[in-house]
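A.B. asks: The sequence shown begins at 8 in the numbering used here and counts up by one.
Cβ coordinates follow ideal geometry from the N, Cα and C atoms, glycine included.
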Amino acid sequence: MYDEFKFFAMNKNEWQKGFGINIHIADNGIQLEEGSYEGVYYSLGIDSTESEMLWHRMVLETDTYKEGDIKLYYFASDEKVINIDGKSYDIDMLIMDNTYPNRRNELEKVWAFAGSEFKEKLGELFMPWLWPITRPSDILLHKAKGRYFWFKVEFKGNKINNPCIKKARIYYPRMSYLDYLPSAYSSDEKSRDFLERFLSIFSSIMSDMEENIANVSRLFDIDCVDGEYLKWLASWLSIKVDESWGEQQLRKLIERAPEIYKKRGTKQSIIDIVEIYTGSKPIIVEHFQIKNIEKNPKLIDLYNELYTMDPYTFCVIVRADCVPSVQQQIALQKLLDEEKPAFTKAKLIILQPLIYLDSHTYLGYNTTLSSLPTIRLDEDSSNLFNNILIDKDEELK
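#1: Taking the C-alpha atoms as reference points, what is the distance between S123 and L244?
#2: With a CB to CB cut of under 8 Å and the five nearest residues on each side skipped, what residues in its chain are close to K352?
#3: Relative to the C-alpha of V47, which candidate in T315, K163 and G234 has its C-alpha closest?
#4: Measure the C-alpha to C-alpha separation of T285 and V325 and round it to an integer number of angstroms.
#5: According to DSSP, what are the bridge partners of L147?
#6: Might you give, ordered along the chain, the residues of its own chain that have their beta carbon closer than 6 Å to the beta carbon of E40, omitting 5 neighbours on each side?
#7: So is the beta-carbon of A221 under 7 Å away from any non-hydrogen atom of the ligand SAM?
#8: Could you name the residues of the same chain whose beta carbon sits closer than 8 Å to that of F227, not counting the 5 residues immediately before and after it, in chain order?
#9: Starting from the C-beta of V330, find all residues in its chain whose C-beta is less than 7 Å away, skip the five residues before and the five after it, and write them out in chain order.
#10: Can you check DSSP and say which residues form a bridge with R176?
#11: Between which residues of its own chain and K238 is the CB-CB distance below 6 Å, once the five residues before and five after are set aside?
#12: Mind checking which residues open and close the alpha helix (DSSP H) that includes T285?
#13: Thinking V160 and I172 are a contact (beta carbons under 8 Å), I'd like their distance in whole angstroms, please.
#14: Taking 8 Å as the threshold (C-beta atoms), are S183 and T69 in contact?
#15: Where K24 and G52 are concerned, what is the direct C-alpha to C-alpha distance, given to the nearest angstrom?
#16: Taking L415 as part of the beta strand (DSSP E), name the residues at either end of that continuous run.
#17: Provide the residue(s) that pair with I337 in DSSP beta bridges, ordered along the chain.
#18: May I have the straight-line CA-CA distance separating L67 from E250, to the nearest angstrom?
#19: Please list, in chain order, all residues of the same chain as I278 whose beta carbon is under 7 Å from its beta carbon, the five residues on each side excluded.
#20: With distances taken between CB atoms, is the gap from F158 to Y80 smaller than 8 Å?
#21: Tell me V47's beta-bridge partners as DSSP assigns them.
#22: Write down the C-beta distance between F14 and I177 rounded to the nearest angstrom, noting that I regard them as a contact closer than 8 Å.
#23: Based on the DSSP secondary-structure assignment, which residues constitute the bridge partners of A83?
#24: Is Q38 near N169, with beta carbons less than 8 Å apart?
#25: Just to confirm the assignment, what range does the beta strand (DSSP E) spanning R326 have?
#26: CA-CA distance, E196 and P189?
#27: Hey, how far is the Cα of Y268 from the Cα of W252?
#28: So, with DSSP's three-state summary, where would you put L313?
#29: Assign S55 to one of two classes, buried (16 or more other C-beta atoms within 10 Å of its C-beta) or exposed (fewer than that).
#30: On the criterion of 16 or more Cβ atoms from any shown chain inside 10 Å, does S198 qualify as buried, or is it exposed?
#31: Leaving out five residues on either side along the sequence, give the residues of the same chain with a beta carbon under 7 Å from the beta carbon of N299.
#32: Should A175 go down as buried or exposed, given a rule of 16 or more other Cβ atoms within 10 Å for buried?
#33: According to DSSP, what are the bridge partners of V248?
#34: Quick one: what's got a C-beta closer than 8 Å to A191's C-beta in the same chain, skipping five residues either side?
#35: Near I140, which residues of its chain fall below 6 Å by C-beta distance, leaving aside the five closest residues on each side in sequence?
#36: How is V292 classed by DSSP in three states: helix, strand or coil?
Below, the structure written as structure tokens:
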């Protein structure tokens, strides 16, 4: 059944074609403007290209809201012209064109008609909307017949709650499981109406399942998925993540996982993973690099404090600004423990942007070289600290 459906999806461009009062349109949907507690949105006519089209279903993805915060109205017709006070108006032009005759006056009438409260009658002068649907999410479009389909959304919020519609889809043509039953089930109009709406529950469940199965490939595209789906995709590669991982970091790690896993357990593999997590290449100090210090008893204690003289331990040094929080430092240590070679230990060292004697000092990381400023002694000059005196014609090399 899913293959027989068509649907129209509302994106930012489509939202912007409509008309809203006190409505903010963003990339992630529509909601009340900041400081507004009431608003209304009118869509343009959605063209099915077929006369007497029976519209099937409308699905909205919304933020959590309280009862009555969002109301949905809809209307379908084969004609795009409506009569208001004996005059004919093109509905879409009336909605989107500021210069269309009497458009602003008609909308002001509608707004004034609502009064201080947001009444259900808002918009009755504008279009013959069907009954309002409160708390809309998955709606069977009952008695929506016509080539064109319009909908209106009323918002009501407060200082704490600002309802938002993130996505909207309108499915057509009407599909019903009643068509697969004997004609006896359709002989009585009232019974037919009830049975059709009852069966639509199962029809919607099945069509959603078929749609998910048909589009399952998108769940394996790291550029398309986000949130929990991205973490689920990472779990397929035995990547354990927590809240300290950003989505871009995780995408990059998943993308490079095949390349990194070929070198798993090596120094380069650890450098690559730490660089993805922190955004900067770490310094790795292994025992063979400092083992000659054992010949100098005076330095053994110092190097043991800095790095450790354990031959099975290596040090991973990162800048403090790359892992500013304790949670990130713990997550990085856990990552090192998972990626280190067997029978070894990884010691994480956070390189502070300070210099102490007998502490870690690395040029370009927490230490920089600067040239000494030159001064000229005359009546207007004074000798400052950290200066060097040279001849006037001599260049500092």
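C.D. replies: So, from the data block:
#1: Its pLDDT being 40, under 50, S123 is placed unreliably by the model, and the measurement read from it follows with that caveat. Taking the straight line joining both Cα atoms gives about 57 Å.
#2: D317, Y319, T320 and F321
#3: K163
#4: 8 Å
#5: R64
#6: N29 and H31
#7: Summarising the ligand content, the structure contains no ligands, and the ligand SAM is consequently not present.
#8: L240
#9: T285, Q336, L339 and I357
#10: A16 and V66
#11: V248
#12: K274 to T285
#13: 7 Å
#14: no
#15: 10 Å
#16: Given that the chain is displayed from residue 8 to residue 404, the structure contains no residue 415 and the question cannot be resolved.
#17: Per DSSP, none; premise fails for I337.
#18: 28 Å
#19: K288, P289 and I291
#20: yes
#21: I28 and E161
#22: 6 Å
#23: F156
#24: yes
#25: T320 to R326
#26: 15 Å
#27: 19 Å
#28: helix
#29: buried
#30: exposed
#31: none
#32: buried
#33: Looking at the DSSP assignment, V248 forms no beta bridge with any residue, so it has no partner.
#34: none
#35: L79 and I146
#36: strand
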